[in-house]
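What follows is a short report on a single structure.
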DNA sequence: AAACCAACCGAATGATCGGTCGGTTTTTAA
DNA sequence: TTAAAAACCGACCGATCATTCGGTTGGTTT
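Chains as they are written, first to last, in the numbering used here: chain V, 24 to 217; chain D, 24 to 217.
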C-alpha cells in the first residue's frame, strides 16, 4: 500500500476514534511510519487531510448503497425499505469508523465554513434519503405502504434508524437487541397497522 | 454571579459549541474575566470542569422533565407520550447548549474511563427512557397504546425523536417542519394504526 | 489585632501542537 | 543513461496548550 493510502486509512481510524482536534499529526506519523513531512507533502494541511478522508467515506458509503440497490429489485416497497434498514445496520457494523466520523459533531461544524465539506455531507444524506423516499413511493404504488408525505416519512424513518445506531455506538444502552422492535416500528409506521 | 458560576456557564457554552479539545482554558479565562489560576482553584483540571458542567446538565434536564411530568397527569397514555415528545423538542430549543453537549461524542468517550461521567449520562438516559416506558405502560392499560415490549418501544421512540433533534442541529436538512410527521409516526407506531 | 482562609490573580513553565524546509531517495520518462 | 519529477525524510520552528505557583485581597474567627 502506498504511503498516501496508509495515511488516509490511519487518519480515518484516528479521526473517528479521537476526533479531529484529538488527532495529532505526530501520532499519524508514528502509526503509518511516514514522516510528518510526507504527510504534508500529500495533504496541504490537517483540514485538507480530513476532507480527503470524508471524501473517501462518502464514496465508499455511496458505492455500498448503490451496490445494495441493484441486488434487490422486484420486491414490494415495504420489503425494500426493511431491506435497506437491515443493510444500514449491517454497514454500521462493518464500516464502524466511517459511520463514527459521520456521527461526530466536527464535520457539521466544518461544513459551515467549508463548501467542500458541506457538499460531501449533503451527498451522503441526499443519497440515503432518496433511497428511502423512492422505496416508500414504490410501496405506495404497489399498495404495501400508505403515508402522507414520502419525503418527510423518509426523514423520520432515517432519524429513527440512525438514532438506534447511535444508541448502540455510545454504549449507554445495549441497543443491539432492538432489531425486531425497529422493524416492527418501521412496518407500523409505513402501513398504518395493516 | 460568582466567578465559579460564571466559569461553569461559559464552559457549558464553549464545550457545546467547540467541544472539549476545542475549548481552551485561556479563552474561558478571557470570556469570564477570571484568571486562569482562579479556574484551576475551583476545578482541579479541565476534565473535572467538564464533569461539573455535565453534572449541571444532568440536574437541569432531570428537573425540567420532573416538572413537566407533574403538570400533565390524568391524560391518556398516548397523549402523554405525545406531550413528552413535544416537550423534548421544546427543550432541545431552549436548552440548546446542554443538548449539544449530550449529542457530542466526547462525553461517551470519557464515560469509558470515568465512572462519574458514565453515571451522569446513565442518569439522563434512564430518566428519559423510564418516562417513555411508564407512559407507554399507562397507554396499554387505558387501551390507547398497543405494543409488544414497552421498554424496547420506548428506546425506538426515543431514538426517533432524538434523531430528529440531531438532524435539526446538524443543519444538513431542515428538520424543523417535521413535527407533524413525527407525531403521526409516533401514533402509528404506538397504536398499530387505529 | 493576630491568625486564618477561601477567592483571586497572572507571569512562568514544559509539553505538545500544526506546519516548514533543505536535503535525500525512488520513480518516471526521454 | 540521465535528468527531471515525485515521494520521502526528520530536525526544527513559533504558537498554543493545560497546569503551576508565589503572592494579594477581603472577610471571618480567635
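Glycine included, each C-beta is placed from N, C-alpha and C at the ideal position.
Nearest-angstrom Cα distance between residue i and residue j?
i: residue 112/D; j: residue 144/D; result: 19 angstroms
i: residue 98/D; j: residue 114/D; result: 21 angstroms
i: residue 218/D; j: residue 45/D; result: Within the shown structure, residues of chain D are numbered from 24 to 217, placing residue 218/D beyond reach of any answer.
i: residue 123/D; j: residue 28/V; result: 34 angstroms
i: residue 134/V; j: residue 41/V; result: 19 angstroms
i: residue 138/D; j: residue 193/V; result: 15 angstroms
i: residue 203/D; j: residue 190/D; result: 16 angstroms
i: residue 77/V; j: residue 165/D; result: 50 angstroms
i: residue 212/D; j: residue 199/V; result: 20 angstroms
i: residue 47/V; j: residue 59/V; result: 11 angstroms
i: residue 86/D; j: residue 92/D; result: 10 angstroms
i: residue 163/V; j: residue 84/V; result: 27 angstroms
i: residue 118/V; j: residue 149/V; result: 19 angstroms
i: residue 106/V; j: residue 53/D; result: 53 angstroms
Please name the residue in the options whose C-alpha comes closest to that of residue i.
i: residue 55/D; options: 47/D, 72/D, 33/D, 197/D; result: 33/D
i: residue 132/D; options: 74/D, 31/D, 26/D; result: 74/D
i: residue 208/D; options: 164/V, 181/V, 149/V; result: 181/V
i: residue 157/D; options: 173/D, 166/D, 190/D; result: 173/D
i: residue 38/V; options: 25/V, 117/V, 103/V, 125/V; result: 125/V
i: residue 201/D; options: 214/D, 215/D, 184/D; result: 184/D
i: residue 205/V; options: 169/D, 90/D, 178/D, 96/D; result: 178/D
i: residue 146/V; options: 24/V, 80/V, 215/V, 72/V; result: 80/V
i: residue 90/V; options: 154/V, 57/V, 215/V, 195/V; result: 154/V
i: residue 159/D; options: 51/D, 49/D, 43/D, 104/D; result: 104/D
i: residue 167/D; options: 151/D, 62/D, 210/D, 51/D; result: 210/D
For a contact meaning CB atoms closer than 7 angstroms, what does residue i contact in chain V?
i: residue 193/D; result: 131
Using a C-beta to C-beta distance shorter than 7 angstroms, which residues of chain D count as neighbours of residue i?
i: residue 78/V; result: Those within 7 angstroms of residue 78/V in chain D number zero; the least Cβ separation is about 16 angstroms.
i: residue 127/V; result: 128
i: residue 114/V; result: Chain D residues near residue 114/V: none, gap ~17 angstroms exceeds 7 angstroms.
i: residue 175/V; result: 201, 204
Check the Cβ of residue i against every Cβ in chain D and list those closer than 9 angstroms, keeping chain order.
i: residue 187/V; result: 178, 179, 182, 183, 186
What in chain V is Cβ-close to residue i, meaning under 8 angstroms?
i: residue 69/D; result: Those do not exist, as residue 69/D stays about 13 angstroms from chain V at its closest Cβ, beyond 8 angstroms.
i: residue 172/D; result: 204
For the alpha helix (DSSP H) that residue i lies in, which residues bound it at each end?
i: residue 66/V; result: Where residue 66/V is concerned, there is no enclosing alpha helix (DSSP H), given that its DSSP letter is neither H nor E.
i: residue 213/V; result: 202-214
i: residue 29/D; result: 26-41
i: residue 105/V; result: 100-117
Please compile the residues from chain V whose C-beta is within a distance smaller than 9 angstroms of the C-beta of residue i.
i: residue 145/D; result: 195, 196
i: residue 190/D; result: 148, 178, 181, 182, 185
Kindly list, in the order they appear in chain D, the residues whose Cβ is closer than 8 angstroms to that of residue i.
i: residue 44/V; result: 42, 44, 45
i: residue 148/V; result: 195, 196
Should residue i be listed as close to the ligand HEM, given that the test is whether its C-beta is under 6 angstroms from any heavy atom?
i: residue 81/V; result: No copy of the ligand HEM appears in this structure; indeed no ligand is present at all.
Across the stretch 60-74 of chain V and the stretch 103-112 of chain V, are there enough close Cβ pairs to call them in contact, namely three or more that are closer than 8 angstroms? Result no; under three Cβ-Cβ pairs closer than 8 angstroms.
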